[in-house]
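Here the protein sequences line up with chains R and S, keeping their order.
Sequence positions in the first sequence follow our numbering and run 1 to 217.
Sequence positions in the second sequence follow our numbering and run 1001 to 1470.
Data block below; observations after.
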Amino acid sequence: MTSWVDVICIVIVFLSLIILSNHRVAAMIGVFALQSFVLGLLPFFLHASSISSRDIMIGLVTMILKAALVPYILFWAIRHVSMRSEIKPIIGFGASIIFGAIVIAGAFWVSLSLKIPGQPASDLVLPCSLSTVLLGFMIMVTRTRAVTQVLGYLILENGIFLFAISLFDVMPVLIEMGILLDIFVAVFIMAIVVNHINEEFEKNTASVVQSNMGETF
Amino acid sequence: MLTILILMPFLCALGVLLPVSKYFRLKLFGAVSLAHSLFVASFWKEFPPSEYHGFLVLDSLGLILLSIISFLFLSVSIFMIGYFKHELGRNRVFVTCLFLLLSMMTLVAVSYHFGLLWVAIEATTLFSAPLISFHRSQQSLQATWRYLLICSVGIALALMGTFFLAIAAHDVHTLLLPALLKGAPLLSVNWLKLSIIFFIVGYGCKMGLAPTHSWKPEAYGQAPGMVAVLMAGALTQCSFLALLRIAQICNKTGLTDFFSSILILSGVLSLIVPAMFILGERNIKRAFAYSSIEHMGLLVLGLGLGTVGLFGALFHMINNALAKVVMFLTAGSLAQKYGSASADEIRGVIHIYPLTGVFLIAALLAGTGMFPFATFHSELLILNAAIISKHYLMAAVGVVCLGLMFIGIGKIILNVIHGQPKEPLLAKKENIYMNVAIAMAGILLISIGLWMPSPLEKLLHNAAALIVSV
């Protein structure tokens, strides 16, 4: 069922592009949840003939943590209305898309020269995961809001996971669970810090420019 | 044994989440740190057996780090008894995070699987972040955010490196260290090279090596003194252990030259960059943070410079940790006494707090590697290694940068020691617990500078042999 793996890889890159071009934070979180859900589907299509309990477990845990709990925490962190839209990104939305396209082309070009030993599930896995990592990185550096930077980090992690899930079975399941748990705790702590940043800004800049709320630098 | 050592602080972390008194938490933290260090001391006599099918193993490299961690937590726990006498805020989250940090750092020191190592190092990043913003203010939250974000991305790159390593080890089918070393000829060289680059960038980010060091002055400047000690002395060196583990693999696969050249480059950069910024710095803690970048640079430089340098780097791990205790605990106690760590606010330390003044001079000498502190010897070993391997220019650059560092830190500290204080002070008396914690590390640092005990020398040689075994 290689074709389904291909579809999933491409959908994940497209969803990252959508997040890159969006300016409403709530919509971005929604698209991220969808992306994580699609990522969680991947283990079920990898070994089409025999789905092992390991695949089911990783798929389900990915979906529960990344497609449900993480978006929930992020929505909690932005419950203040003034946080809901990204303002003045360092690179405009149109330019972001063009840069995004260049980044994707670059990722495909780089992965031409890398050969994965053994039988990879699909040729698209490596370029797509590299593109997602780079797009996530781009979101992190070009956006000024704390919560959008967290989203960028999460997309970067999704890219790494796309790579990890589809390529090999070297990691023991427990350690993969540990990695997922770590990322979950990371988001949890980041959300708390975002929340504290908001509170501090509310305390100190009640009369000053409200539009700076949630900005980090 | 190892499981107990990891679980004990972990369970205590859950325990102190309950509504118990502030002082009970501190006492429990002290007791657990003491128990931890007694356990670790017993490991010097005999290594504990490996656990969980070789996932948890303590070897000589791990023991060096574990001893450092244990000592640092012990001195911090003593210091905190004094610190929280004058601190009105609550400490529930703070002590919980400290316990979790101790647990995860112990796991770093004993994990023998690259995936597990990553999980543990990421966890140390996460649990140290809330510690930085203990005094919640805009600056400290900003510092926390910067630390969290830069280190999370760095660590994510290291995760990528771990997966690349897994591809390289396609024929070995595991990421356990002994299996990788044994199956070294089976590793795919190209993927291994790629993973080495990601590892150095990722874990180097966490160590605060030069291009990705920008979180360091912010975080150390805002964090309370004892947190800065744990971060500069233990947390960054946890990532250095990861680099040492990779050095073991590189040595077996004949990639040492490739690995060393990257390390030397980032090491030299980490010497030059802080030396450029130190002269304009006015904050004691931030100045010490630049010194910490410098020390991390020396560590990777030593690792990149072959046998002599490696021995120096391993010795420097211990000295750096002890020097950081003297530096940041003194800075922390001063910051509490004067309400700021800025050199413009602090004046006349030697007249008002004679003992703290002495510690401050000790911090200057220890931090910049002056005799009789042991940092002098390890820095000399690393510079010596540069000369032996005919990197004369690098040795010269190193000496100049260390000299600039001395001038920069010396300028601030001499300013602070003399003069008249501006305002009446909060705490008039020196605190015995704080002073004991600082003096303990200082005396230890001087004594290993004057005379190296044979068990330590043996441990260092054994650890070096793990990496450059013929």
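Positions of the beta carbon are idealized from the N, C-alpha and C atoms, including for glycine.
Fair warning: this is a prediction, and the values are worked out from it, not measured in the lab.
Min CB distance residue i to chain R below 9 Å
i	result
residue 1051 of chain S	no
residue 1391 of chain S	no
residue 1227 of chain S	no
residue 1145 of chain S	yes
residue 1200 of chain S	no
residue 1130 of chain S	yes
residue 1400 of chain S	no
residue 1014 of chain S	no
residue 1439 of chain S	no
residue 1133 of chain S	yes
residue 1170 of chain S	yes
residue 1003 of chain S	no
residue 1136 of chain S	yes
residue 1222 of chain S	no
residue 1156 of chain S	yes
residue 1126 of chain S	yes
For residue j and residue i, believed in contact at Cβ under 8 Å, the rounded distance
i	j	result
residue 1335 of chain S	residue 1218 of chain S	With 8 Å as the limit, residue 1335 of chain S and residue 1218 of chain S do not qualify as a contact, their Cβ atoms being about 15 Å apart.
residue 1273 of chain S	residue 1210 of chain S	5 Å
residue 1310 of chain S	residue 1253 of chain S	In fact, because the Cβ distance is near 17 Å, the residues do not count as touching under 8 Å.
residue 154 of chain R	residue 32 of chain R	6 Å
Pair within 9 Å by beta-carbon distance, residue i and residue j
i	j	result
residue 1070 of chain S	residue 1225 of chain S	no
residue 1305 of chain S	residue 1260 of chain S	yes
residue 1299 of chain S	residue 1207 of chain S	yes
residue 39 of chain R	residue 161 of chain R	yes
residue 34 of chain R	residue 139 of chain R	no
residue 1157 of chain S	residue 1126 of chain S	no
residue 1467 of chain S	residue 1061 of chain S	yes
residue 1262 of chain S	residue 1200 of chain S	yes
residue 1405 of chain S	residue 1234 of chain S	no
residue 200 of chain R	residue 1115 of chain S	no
residue 1189 of chain S	residue 1255 of chain S	yes
residue 1124 of chain S	residue 1056 of chain S	no
residue 59 of chain R	residue 74 of chain R	no
residue 1289 of chain S	residue 1117 of chain S	no
residue 1166 of chain S	residue 1183 of chain S	no
residue 147 of chain R	residue 25 of chain R	yes
residue 1338 of chain S	residue 1350 of chain S	no
residue 56 of chain R	residue 71 of chain R	no
Test: residue i CB closer than 9 Å to a CB of chain S
i	result
residue 54 of chain R	no
residue 36 of chain R	no
residue 123 of chain R	no
residue 67 of chain R	no
residue 72 of chain R	no
residue 107 of chain R	no
residue 39 of chain R	no
residue 186 of chain R	yes
residue 196 of chain R	yes
residue 43 of chain R	no
residue 134 of chain R	no
residue 25 of chain R	no
residue 209 of chain R	Bear in mind that a pLDDT of 43 at residue 209 of chain R, under 50, signals an unreliable position, so the model cannot answer this.
residue 193 of chain R	yes
residue 17 of chain R	no
residue 175 of chain R	yes
residue 20 of chain R	no
residue 114 of chain R	yes
Closer than 8 Å at the beta carbon, the chain S residues around residue i
i	result
residue 178 of chain R	1115, 1116, 1119
residue 163 of chain R	1160, 1163
residue 171 of chain R	1115, 1166, 1175
residue 160 of chain R	1156, 1159, 1160, 1163
Residues that DSSP places opposite residue i in a beta bridge
i	result
residue 1283 of chain S	S/1342
residue 1176 of chain S	S/1113
residue 1056 of chain S	S/1051, S/1111
Within chain R, partners of residue i - CB distance below 7 Å
i	result
residue 1188 of chain S	117
residue 1123 of chain S	182
Contact list for residue i against chain S, beta-carbon separation under 7 Å
i	result
residue 47 of chain R	Simply none; closest approach about 17 Å.
residue 146 of chain R	1145
residue 63 of chain R	Result: empty, since nearest Cβ-Cβ is about 20 Å, beyond 7 Å.
residue 190 of chain R	1148
Contacts that residue i makes with chain R (C-beta to C-beta distance below 8 Å)
i	result
residue 1153 of chain S	137, 140, 153, 156
residue 1141 of chain S	193, 196, 197, 200
Per-residue contacts from residue i into chain R (C-beta, under 9 Å)
i	result
residue 1179 of chain S	Correct list: empty, because the minimum Cβ distance to chain R is about 11 Å.
Per-residue contacts from residue i into chain C (C-beta, under 8 Å)
i	result
residue 13 of chain R	Of the protein chains in the structure, R and S, none is chain C.
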